[in-house]
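The next block holds one structure in the form of structure tokens; read it before the comments.
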């Protein structure tokens, strides 16, 4: 409130002009802030930043110290007026205001009891079920939400507030996560020679060994010397079995 009617009014003389200037100065110094707070009690999102933060904290919705003013105002408006049901949409809005787009929210699926599933042990996301090559029809949708945030640490007050941001029927599992993506090109050229000396008659076949490079089936013979070179005679190894 700027007291514009008073500022625009005319002064009778110099004394009235000085009194008006003194009154405006004292008002701005001692009362202006409280008047603004009082005028925005019914519309808190139009008030000062401290007023909005205090209102959110009183409602149990914690903020980070570096949350910007614009995000705080949007968050308060969404919390008070746009999201009475407190679904996952508001949880996304809340986490985006605090951390940015560095999080994922997945509703968990559990293996059905007739498939020997145990709740809440056999929980997977829809993406994990797809990657594992399993059938989604063998699972049922639960009320558990897994939230992974790419950050060093999630403060305890944020954990508590995030649980407040969703409906009571949801169980929230919030984790600090780090994602790494590595691309390592590998070229492999191999040449091998097997030399065996047999002194017995019994042969024992071992199971095939599956790896990036398949080796086998090997032959285990009593009294056999097996020599193998993985390169051009760079590393000759001798195995006696």
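Residue numbers (our numbering): 7 to 247.
All C-beta atoms in this analysis are idealised placements derived from N, C-alpha and C, irrespective of residue type, glycine included.
Only a predicted model underlies this, so the values are computations on that prediction, with no experimental measurement involved.
Between the alpha carbons of residue 58 and residue 78 lies a distance of about 7 Å. Beta-bridge partners of residue 115 (DSSP): 130, 147. Remark: three or more beta-carbon pairs, one from each stretch, lie closer than 8 Å, so the stretch 106-117 and the stretch 142-158 are flagged as touching. Under the three-pair Cβ rule at 8 Å, the stretch 116-130 does not count as touching the stretch 167-176.
Annotation for residue 181: the continuous beta strand (DSSP E) segment containing it runs 177-182. Look at residue 76 here: in three-state DSSP terms it is helix. Buried is the label assigned to residue 96, since at least 16 other Cβ atoms lie within 10 Å of its Cβ. If you look at residue 19, you'll find it isn't in any alpha helix (DSSP H); DSSP assigns it neither H nor E. Residue 38 and residue 182 have their C-alpha atoms some 43 Å from each other.
Closest option to residue 108, judged by alpha-carbon separation, among 121, 157, 53: 157.
The Cβ-Cβ distance between residue 33 and residue 62 does not fall below 8 Å. Straight-line measurement puts the Cα of residue 53 at about 24 Å from the Cα of residue 163. For the pair residue 143 and residue 105, the Cα-to-Cα distance works out to about 35 Å. Residue pairing by DSSP leaves residue 105 without any beta bridge partner. Per the coordinates, the alpha-carbon of residue 19 lies some 10 Å from the alpha-carbon of residue 25.
For residue 41, the enclosing alpha helix (DSSP H) has its first and last residue at 38-45. Apart from sequence neighbours up to five positions away, the residues of its chain that approach residue 67 with a beta-carbon distance below 8 Å are 81, 85, 100, 167, 170, 171, ordered along the chain. Straight across, the Cα-Cα distance linking residue 76 with residue 139 is about 44 Å. When the beta-carbon positions are compared, residue 12 and residue 30 come within less than 8 Å of each other. A straight-line Cα-Cα distance of about 22 Å links residue 15 and residue 36.
If you look at residue 170, you'll find it in the alpha helix (DSSP H) that goes 162-170.
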